[in-house]
Each structure stands twice: as C-alpha cells, then as structure tokens.
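Asker:
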Amino acid sequence: MTLRWAARILLVVAIVLITDLALQPGTALPPRLFGTDKLEHFGAFLMLAVLARIAWPGAPRWIGLLLLVGYGGGIEWLQAAGDAGRTASIGDMVADTLGVVAGLGMSAWIGTRRTAHI
C-alpha cells in the first residue's frame with residue numbers, strides 16, 4: 001500500500017469519526033476547560049487538510065479548502081438542524097477554517113522544502 005492510499009483510508013476514517021463525534025447528543029459530551037473545544041476543531045481540520053494533501057498531492061489547494069470548509073459547515077448545519085441538543089457555532093466554523101488553512105499551508109511549506117533539497 002502506498003502512502004497516498006494509506007492517507008486516503010485514514011482520511012475516510014477520520015471523517016467518519018469526526019462526523020460521529022460532532023453529531024453526538026450534547027449531553028454525551030465531556031466538560032471542556034478553557035475553550036479547548038476550538039483547539040479540538042482546529043487540530044481535527046488541520047489533520048484532515050494534511051491527510052488530503054498527502055492523499056491527493058496534485059489537486060489544487062483551493063479544492064481542498066472548499067471541500068473541507070464545506071464539510072465543517074455541513075457539520076454545523078446538521079448540529080443546528082438536529083434534535084440532539086447541539087447548536088451551530090460560528091466559532092467552530094472559524095476554528096475549522098483556520099485548521100484547514102494551517103494544514104494546507106504547512107503541507108505547502110513542507111512540499112517546497114522537500115523539492116528544494118532534491
């Protein structure tokens with residue numbers, strides 16, 4: 001199995017897990033200290049962006065940005081539309097978007113560093 005295929009499989013697994021966690025009833029969530037919720041969103045979407053770049057290195061970054069930010073928006077919409085005691089949050093969307101931008105930026109920087117040394 002190549003690194004690209006491993007990243008694709010991990011990306012699908014991560015999306016399934018993140019979606020499941022995001023749609024859990026609000027009462028099932030553990031209490032969080034000091035706004036770590038936003039750090040969790042940032043880290044999760046940074047990881048998704050990095051996995052997407054490894055899985056499809058030739059794809060334009062703006063496509064990854066649109067798809068992953070759209071996915072984050074979809075989660076927020078489902079939380080608002082559902083009856084699990086969850087609400088949509090602009091703060092979560094901002095954290096998701098910043099995570100995607102950081103992940104794509106980090107992978108671009110690493111990619112340029114790798115090609116500079118070859």
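So in UniProt numbering, spot 21 of the sequence shown is number 21, and the numbers just go up one at a time.
C-beta: ideal position from N, C-alpha, C; glycine also.
Return the CA-CA distance between Gly103 and Thr97, expressed in angstroms with no decimal places.
Answerer: As a position in the sequence shown, residue 103 is number 103, starting the count at 1. As a position in the sequence shown, residue 97 is number 97, starting the count at 1. Each residue's alpha carbon lies about 10 Å from the other.
Asker: Taking the alpha carbon of Trp5 as the reference point, which residue from Leu21, Ile54, Gly105, Val100 has its own alpha carbon closest?
Answerer: On the sequence shown, position 5 is the one that residue 5 refers to. Selected option, being the one with the closest Cα: Ile54.
Asker: What's the C-alpha gap between Ala44 and Val94?
Answerer: Position 44 of the sequence shown holds residue 44. Position 94 of the sequence shown holds residue 94. Between Ala44 and Val94, the C-alpha separation is close to 13 Å.
Asker: Tell whether a beta-carbon distance below 8 Å holds between Leu23 and Ala84.
Answerer: Translated into positions along the sequence shown, residue 23 becomes position 23. Translated into positions along the sequence shown, residue 84 becomes position 84. It is a contact, given that the beta carbons lie within the stated cut-off.
Asker: Counting only the same chain and skipping the five closest in sequence on each side, list residues whose C-beta sits under 6 Å from that of residue 136.
Answerer: A query on residue 136 cannot be resolved here, the shown segment of the chain reaching from 1 to 118 and no further.
Asker: Exposed or buried, which one is Leu11 when buried takes at least 16 other CB atoms within 10 Å?
Answerer: The residue given as residue 11 occupies position 11 in the sequence shown. Leu11 should be labelled buried.
Asker: Should Leu75 be labelled buried (16 or more other beta-carbon atoms within 10 Å of its own) or exposed?
Answerer: For the purposes of this step, residue 75 is identified with residue 75 of the sequence shown, where counting begins at 1. For the sequence presented, residue 75 should be read as Ile rather than Leu. So Ile75 counts as buried.
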